[in-house]
Amino acid sequence: MKQIRKYLSGASALALLMATAAAHGAPPAGRLLASQCAQCHGTNGQAVSGMEKLAGESEGEIYKELIEMKARIKPDEIMHRQAAGYTDAQIRLIARYFATSGKVSTTTSTTPTTGTASRNKSRGDD
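If you're matching positions, the sequence shown starts at 2 in the working numbering and goes up one per residue.
Written out as structure tokens, the structure reads:
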């Protein structure tokens with residue numbers, strides 16, 4: 002019974018947070034849901050040392066892995082516990098967020114560089 006209350010309390014808090022965030026034009030739901038993942042997989046899915054990078058992986062692959070982790074019978078695994086707390090729809094949002102967070106623009110800029118290195122070079126500070 003305590004676990005059910007704890008789950009419902011967490012779900013209610015998350016729903017309230019998401020509703021409040023949406024009202025204020027805050028980050029998309031996928032980003033909010035994925036924030037828990039940052040502890041191990043890094044901000045925006047750019048992994049910390051020794052962990053799997055999620056940014057830029059395919060949405061389908063991330064979704065599939067999270068669903069498999071959620072279904073595992075070994076509750077002592079951290080990823081089972083993490084994935085078990087999300088609905089199918091939330092897992093889809095998380096997967097979509099990470100799949101799109103690592104995209105690098107292939108468009109080249111025609112704007113001249115004005116960074117520190119450029120300024121130093123023009124002054125002869127190689």
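C-beta atoms are modelled at their ideal positions from N, C-alpha and C, and glycine is treated no differently.
Computed from a predicted structure; not experimentally measured.
G46 places its beta carbon less than 8 Å from that of L55.
Separation of S50 and I79 (C-alpha to C-alpha, rounded to the nearest whole angstrom) is 17 Å. For the pair R97 and G31, the CB atoms are nearer than the 8 Å cut-off. T101 and G57 have their C-alpha atoms roughly 6 Å apart. DSSP places Y64 in the helix class (H, G or I) of the three-state scheme. By the neighbour-count criterion, in which 16 or more other beta carbons inside 10 Å mark a residue as buried, Q37 falls on the exposed side. Looking from the CA of E66, the closest CA among I92, A48, M52, T88 belongs to I92.
Of the residues assessed, A84 falls on the buried side of the cut-off, its CB having 16 or more other CB atoms within 10 angstroms.
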